[in-house]
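A.B. asks: The structure is given below, and queries will be raised subsequently.
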Amino acid sequence: MAGGGGEIELLPSGDSWTVNGWAIDSGSVTRFFDTLEEAQVGDLVAANPANHRRMGIATDNASRIELEVDGLSRTLLMGTQGPRFSTSYIRLPEADEVYLLESNLSTHMARNLDDWRNRKMIAIDTSRVVRLDVQRDGDGFTLVRGDTAWTFEDGTPVNALQVGSMLQELSGSLIASRFVEDGDSIGNSPQDGSTVAYAGGGDVLAEVSIGSGENDLWATVTGDSVTYRLPQFRADLITPRLESIHPRP
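Just so you know, we're using the UniProt record's numbering here: the sequence shown kicks off at 1 and counts up by one.
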């Protein structure tokens with residue numbers, strides 16, 4: 001696809017898809033293919049090529065989508081919004097005839113790369129987690145799962161809600177706001193914290209590291225090459241400060 005969001009390429013990869021070589025958000029690709037399946041070509045609205053530019057469907061000002069099915073490729077040009085909501089002007093590159101497409105496909109064409117990419121950083125089975133090692137702001141502490149509750153390593157009680165939030169983030173709620181690109185200044189900040197989740201026997205289930213800063217922070221997951229941009233509140237959930245782990249009065 002080439003449109004308002006730049007050039008986007010979706011390719012199958014095993015049971016999933018990639019977008020420009022990156023892991024894709026599964027919901028985004030599902031909604032895209034649902035939109036394609038539900039699209040309907042409506043009335044012929046123009047046949048004179050002199051109208052193409054005005055309708056945003058000239059060769060050099062139209063969005064373009066190319067579909068490859070069973071080794072056969074088909075290209076469609078898409079212009080501006082039609083006379084009704086969720087309609088667009090479309091034509092084949094070799095044809096002058098312009099039709100009205102009944103679909104919100106144009107919203108997908110306008111999405112940029114970050115909108116397509118997977119932002120869920122991690123999802124593990126937290127029922128296997130028996131130990132959490134946390135580093136934040138120079139403090140280090142360990143949380144362990146007991147028979148009935150989590151505690152500090154020395155057995156003193158913890159804020160159960162805060163520990164529950166950590167486990168929820170590890171189970172799939174740890175979602176980045178965006179990604180840290182080359183040259184982004186937050187990528188140069190020093191590391192400020194980490195959380196390591198262990199299973200019984202000492203196997204590492206997950207390791208999340210975060211940078212320092214006042215607003216968005218960089219964040220990484222061991223085994224994943226992506227550097228994510230994480231809001232401060234989310235960093236406080238996955239790598240909480242020591243004072244937030246102590247039980248509330």
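All C-beta atoms, glycine included, are put in the ideal place defined by N, C-alpha and C.
1) Pairs of beta-carbons, one from the region 191-201 and one from the region 124-134, closer than 8 angstroms: are there three or more?
2) Given S244, which residues of its chain have a CB within under 6 angstroms of its CB, disregarding the five upstream and five downstream residues?
3) Are S73 and S88 close, meaning C-beta to C-beta below 7 angstroms?
4) Measuring CA to CA, which of H246, S103, W150, S171 is closest to E37?
5) State the beta-bridge partners of L132 as determined by DSSP.
6) With a threshold of 16 other CB atoms inside 10 Å of the CB of F33, please say whether the residue is buried or exposed.
7) Grab the span of the beta strand (DSSP E) containing R74 for me, first residue to last.
8) Are the beta-carbon atoms of S165 and L217 separated by less than 7 angstroms?
9) Which term fits N118, buried or exposed, when burial requires 16 or more other beta carbons within 10 angstroms of its beta carbon?
10) Skipping 5 residues on each side, what residues in its chain have a beta carbon closer than 7 angstroms to that of M55?
11) Counting only the same chain and skipping the five closest in sequence on each side, list residues whose C-beta sits under 6 angstroms from that of G42.
C.D. replies: Taking the geometry as given:
1) yes
2) Residue 244 sits at position 244 when you count from the first residue of the sequence shown. Q162, listed in sequence order.
3) Counting from one through the sequence shown, the residue named residue 73 turns up at place 73. Counting from one through the sequence shown, the residue named residue 88 turns up at place 88. Result no, Cβ atoms of S73 and S88 do not sit closer than 7 angstroms.
4) Taking the first residue of the sequence shown as 1, we reach residue 37 at position 37. For E37, the nearest C-alpha among the options comes from S103.
5) Position 132 of the sequence shown, counted from the start, is the residue given in the question as residue 132. BP columns for L132 point to L143, A197.
6) For the purposes of this step, residue 33 is taken as residue 33 along the sequence shown, with counting starting at 1. F33 is exposed by the Cβ-count criterion.
7) Stepping through the sequence shown from its first residue, residue 74 is reached at position 74. Taken as a continuous stretch (DSSP letters only), the beta strand (DSSP E) holding R74 covers 72-81.
8) Translated into positions along the sequence shown, residue 165 becomes position 165. Translated into positions along the sequence shown, residue 217 becomes position 217. Taking 7 angstroms as the Cβ cut-off, S165 and L217 do not qualify as a contacting pair.
9) Here residue 118 refers to the residue found at position 118 when the sequence shown is read from its first residue. So N118 counts as buried.
10) By 1-based counting over the sequence shown, the position of residue 55 is 55. Within the same chain, M55 has close Cβ partners A46, G79, T80, Y89, V98.
11) By 1-based counting over the sequence shown, the position of residue 42 is 42. Annotation for G42: L100, E102 place their beta carbon closer than 6 angstroms to its own, counting only its chain and skipping 5 residues before and after.
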